[in-house]
Structure formats: C-alpha cells, structure tokens
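Visitor: Residue 1703 in our numbering is what sits at position 386 of the sequence shown, and the numbering runs on without skipping anything.
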Amino acid sequence: MKRAPLAALLALVAIAIVAAIGVAIAGPGPSPGQEIAGSIGSSASPSVAPSPSPAAPTPSPSPTPSPLADVAIVPVAHFRTQVSASSFGEVRSVLDGTSGRYEAVELVESDADAILAALGLDRPAVPSRLVLAPDATALGEDLSAHRKRLGFLRADEVRPSVRALSWGPDALFGVDRVKTLAEWPFVAHVPEDAAPAEPAYDPAAAWTLFAGGDIMLDRGVAKTVKVDGKGVDFPFDGGTAEITGRTCCSQFGYDIVQGRRTGNAGAVRALIESADLALANFENPAPNNFRWHTTGVVFSADPKLIDGLRNAGIDYVSLGNNHIRDAGANGIAQTIDNLEKRGIAWSGAGEDLEQARQPAILEAGGVKVAILAYDTIAKYYAASVTRAGSAQMSAAVVKADVAAARKAGADLVIVFPHWGVEYDATPFAGQQRLARAAIDAGADMVIGNHAHWAAAMEIYDGKPIWYALGNFVFDQVWSEPTMEGITLELTFAGTDLRQIRMRPHIILDRAQPNFLDPAGDGKVVMGQVFGASKGLLDW
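1) Starting from residue 1793 and walking both ways along the alpha helix (DSSP H), at which residues does that stretch end?
2) In the DSSP assignment, find the alpha helix (DSSP H) that holds residue 1557 and state where it starts and stops.
3) Would you decide whether residue 1690 is buried or exposed? Buried here means 16 or more other CB atoms lie within 10 Å of its CB.
4) Taking residue 1589 as part of the beta strand (DSSP E), name the residues at either end of that continuous run.
5) Taking only the alpha-carbon atoms, compute the straight-line gap between residue 1621 and residue 1775 and give it to the nearest angstrom.
6) Could you give the uninterrupted runs of the beta strand (DSSP E) lying entirely in the stretch 1684-1767, keeping only those of 3 residues or more?
7) Using C-beta distances below 8 Å, list every residue in its chain close to residue 1837, excluding the 5 sequence neighbours before and after it, in chain order.
8) Could you please give me the residues that DSSP links to residue 1830 through a beta bridge?
9) Counting pairs of beta carbons, one from the stretch 1576-1589 and one from the stretch 1647-1665, are three or more of them closer than 8 Å?
10) Please name the residue, chosen from 1845, 1815 and 1751, that lies closest to residue 1797 on a Cα-to-Cα basis.
11) Give me the Cα-Cα distance between residue 1428 and residue 1811, rounded to the nearest whole angstrom.
12) Please look up how many angstroms separate the CB atoms of residue 1441 and residue 1412, rounded, as I've assumed it's under 8 Å.
13) Can residue 1837 be considered in contact with the ligand GTP, in the sense that its beta carbon sits closer than 7 Å to one or more heavy atoms?
14) Please state the DSSP three-state secondary structure of residue 1500.
15) Looking at the strands, I want to know which residues DSSP matches up with residue 1391.
16) Could you tell me whether the stretch 1452-1470 touches the stretch 1385-1393, using the rule of 3 or more Cβ pairs below 8 Å?
17) Do you know how far the Cα of residue 1740 is from the Cα of residue 1571?
18) Taking the alpha-carbon positions, what's the residue 1724 to residue 1419 distance?
19) At which residues does the alpha helix (DSSP H) containing residue 1844 begin and terminate?
20) Distance check for residue 1409 and residue 1438, CA to CA, integer angstroms please.
21) Just the Cα atoms here: how many angstroms apart are residue 1842 and residue 1835?
22) Using the three-state DSSP reduction, which class does residue 1654 fall into: helix, strand or coil?
23) Go to residue 1568, then tell me how far its beta strand (DSSP E) extends in each direction, as first and last residue.
24) Under the three-state reduction of DSSP, which class applies to residue 1815: helix, strand or coil?
25) What first and last residue would you give for the beta strand (DSSP E) that runs through residue 1530?
26) Thinking just about the alpha-carbon of each residue, which of 1749, 1759, 1814 and 1697 is nearest to the one in residue 1784?
27) Find the nearest neighbour of residue 1671 within the set 1642, 1694, 1709 and 1638, judged by alpha-carbon distance.
28) Closer than 7 Å by C-beta to residue 1848: which residues in its own chain qualify, once you throw out the five before and the five after it? Chain order, please.
29) Which residues in the same chain have their Cβ closer than 8 Å to the Cβ of residue 1768, if we skip the five residues on either side of it in sequence?
30) Give me, in chain order, the residues of the same chain whose beta-carbon lies closer than 7 Å to that of residue 1754; leave out the 5 immediate sequence neighbours on both sides.
31) Once the 5 residues before and after residue 1490 are set aside, which same chain residues still bring their CB inside 6 Å of it?
32) Leaving out five residues before and five after residue 1497 in sequence, what residues of the same chain have Cβ atoms less than 7 Å from its Cβ?
33) Starting from the C-beta of residue 1772, find all residues in its chain whose C-beta is less than 6 Å away, skip the five residues before and the five after it, and write them out in chain order.
34) Can you tell me where the beta strand (DSSP E) holding residue 1423 begins and where it ends?
35) For residue 1664 and residue 1505, I'd like the C-alpha separation in whole angstroms.
36) DSSP state of residue 1780, grouped into three classes?
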C-alpha cells in the first residue's frame, strides 16, 4: 500500500477542522416534527446560517425544540347539529370547497398546523375555508354563530356547548365511546409544554347518565303489556322508527301520527343498560292492590310490571309527581317497597315529609350523585310531618335540601321536579324562577317533567335545565307532541359535564319508545325543543 505524502495528510486534517467549525456555528437542525409543522401553510423560507468570518462573533446555538406529545383531537360542530360523525374525506372536501354541509374548517390557531399535519393536509387555496380562533372558548362561540363550520378541539377542551362528533365509526364520548385514549384514531403532535401532564378527559374514567321522561304502567301501557301479551320487557325493546304519515284528527283536534319500525331492535335498552346511571319519572303508584284503569287520569300499576324497568337497567325513578298518591297512603308505602325489592332507587315522596325530602344518593364513576325530586302540581298530595305524600318544591326547600345532600357527601346534585303546564313546551315565569333558584342553591342541573311534551332547555349560570323530556313509556297516542319525546345521554369526567346528547323518539303500540333519526323525522320534536328555548339557550 502506498503512503500519502505528509502535505496531503495535513490538508485533509485542515479541511475536517473547518467543517467541524461550520457545523458548530450553524447549530442543530430542526426535529422531524418541527419540519412537518413548519411546512404546513408556511410561506417563509428556512433561514440559512452565514458563512463563518474571522471578524464575525460566534452566534449562540439555537434553543432545543420542545418535545412533542400526542394529543387526542375531536371533530366538533354546533350544539344543535343533528350530524353525528365526520371523516378525513369530509375535512378535505370542506377545504377544497366541495362540501355540501360545511363552508369552513375552524381550528384553534396555536394547534392549526399540528392538526393539519396530522391530517396530511395543507392550508386551503381559498383562505376563507380555514378559520382560526384564538382559543377553544372562542371556537365554540363561533360554531354557535356560524353553523356551517366544522371545528376541531383537543379532547380536554371539549365542553357541552359544542357537539363532539365521531371520527368515522369511533366516538370519544357517550355510551359507545372507545374504552381508552390509545384506541382513539385521531391525534396531533403538539408541544409537550402545551399539553397537560395527565389528560383531563379520559374515556376510561368517564361515566354516562341516561334520563327519560314520564313512565306510566297503567291504562294503555298495561293493555299492551298484559292483555295483548307483549310482556314486561316490550316497552324497552324499541329500536329505530320512521314516521309514515299523519291523519286528521284526534278527539282533541291534533294530527295523529303513523310510524313504523326500521330495525335495530333493542337500541333503547342498550342505551339504558350501557349508561352508568339511568333515571326516569314514575308517573303512578304500584301498590299491591292495584287496579287496572282503562280510562281516566287516576293511575295504579301492577307491581310486576316494574320488572321491565329493572330488566332494562333503570336505576332510579322519581315519585315526586301529581299521581303518586292515586292509591292513597298505603299505595305510596307499597310502591316504595316494590321498587326497593327490585333494586330501584327513588325519591320525591314518602310516608312523611322527612322521607319525601330525602335524596337518593347513587354512585357512578367514583362520583356520589344525589337526586332530589319534587312535585309542584298536586298540592293536595303533599306530605306532612304525619301524612304520606310528595315533596313540594319551593326555593327555600330546595336550598335546604341541596345543602343537606352536600353534607351527606354528594358530589353532584340533580333536581328532578314535576312542574309546568301540560301540553305546553314553554316554561312560565314562576317555573323559570324556581329552576334558577335550584341552580342558585347549588344544584348542578335540573331535569323536569309533567308537560307530556318535550319542552325548553336553558343554560343558567353555566348549568343545564330541561323543563320537560316528554313522554317515555306512555299511552297518549292522540297527538304528535305526546307521542314524541327526548332522552338524555350525558357524559361526565368526574363531576364535570362534558357532553350532552338529546335523542328524539316516537312511542309505538302505546308503550314502546323507538329512536327517530334526528336529521330526519326527529326534526319535529327537536324543533319543538329549540323553538321553546328561544332566549334561554345561547348554544
């Protein structure tokens, strides 16, 4: 082997030293994550380090970029949307201007490039198709004002004022949510210092609450279940349905609705069973000496029909209503006993006033939930120190009872009143004052009933109020508003309400609720709710 001349070796060493000095001056290059984020929607050229000069001072090295963290990203729309899902294809069509549903995508400005990078998309050629909000709160407000926008938020930033959509078939909220964050398919790489050390929302730790409206197991419901032989489980076996026609008119002058099932049998039961807590109003006593009423407005139910509630997964029923003493004082005591035999909690009535005002306290997701139920309609059924009956609602009573529930260990308090005007979706002034008094007293939400129509929703001091959910299992088939109602599917992280879903349904065979497509036939009852909410619901 030939040896290189000494001069040549010295020249090679000199070249290597100069190259090393150049690298030190230029500093470290961008990390792969930075390079991707910087390439999305950026028109600036990368800076080039100047050639070293003996006269120029040596510049300080560039700061080390923050490491990146994977954060779950959720598509969101305005609260009233009846859309339930989105997809990559839809996002691309919005940015391309070919979407028939949305006019723009809206992102929080600090996360925009990271989210677009996760999607593998550039900023649109038409700037108006991408809207940037300063923060998550502003984005939610914008979606309420501009309902043809599709937004994206970090999962931790999703609140009830927006509707979280599924990403393809996967949901992050509700009873059908993915079980862990690791299963969620849409993540973006954001700077670690902008992400919390522990996620504030984790589907594995979340819990859900189902709430239905009025359940009555006498009259036409009893006929369907017992006389027609459908069985105690039939009312909760509903699936999906559609409206096939309307004819005029019932004895009360309303259009009569015809509907048919479209499949998915058991969907209603699945929702109830999957929820961690399931609540409803029990619109009749169920005494041992019950009597089946074929007509009229005095009710009593066969206690055996309570098996249907238990089998469906109903955890709690309110007894605070204007029918609870229809079978007398003994009827109340026997109803309570028959519910407890089946493991169903209750509140709102009792053998005396003290018992009637006691909350039911249940646990879900490590949270103690107190439910206080009241009646404001049948004052002649009011409980007293020595008389069985219902708890009557007043601002003073609610204030004392909420405080007592908190003292008993409740983390979350729900007020469940029976109030308002039948067949009227709009609350009157005194009812609204009472609702707000419950929130002022420290309740976390109010879920009302009695109207037999789905009624207004209000947000007061950041807390939700539902004035009525309408009929759930009932035989009032003489009008569309009495045949249709809503159920609630609420998702919590601890005591923090994160998502609200209202599902419309229609009652078939005088006993069985079946879900309606919220974007189709369900628009009637949802429109009724939102129409009555004018001035009460900014979302």
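No residue lacks a Cβ here, since even glycine has one placed at the ideal position from N, Cα and C.
Guide: On the basis of the coordinates in this document:
1) Counting along the chain, residue 1793 falls outside any alpha helix (DSSP H), and DSSP gives it neither H nor E.
2) No alpha helix (DSSP H) holds residue 1557; the beta strand (DSSP E) holding it covers 1557-1565.
3) buried
4) Per DSSP, residue 1589 belongs to no beta strand (DSSP E); it is in the alpha helix (DSSP H), 1584-1591.
5) 37 Å
6) 1684-1692, 1729-1735 and 1762-1764
7) 1559
8) 1824
9) no
10) 1845
11) 26 Å
12) 4 Å
13) As presented, the structure is devoid of all ligands, the ligand GTP included, so that no description of it is given.
14) helix
15) 1470
16) yes
17) 12 Å
18) 48 Å
19) 1840-1849
20) 8 Å
21) 9 Å
22) helix
23) Segment: none, residue 1568 is in no beta strand (DSSP E) and carries neither H nor E.
24) strand
25) 1524-1532
26) 1749
27) 1709
28) none
29) 1737, 1738, 1739, 1740, 1741, 1742, 1784, 1785 and 1787
30) 1712 and 1715
31) 1481, 1808 and 1816
32) 1520 and 1521
33) 1742, 1784, 1785 and 1849
34) 1421-1425
35) 46 Å
36) strand
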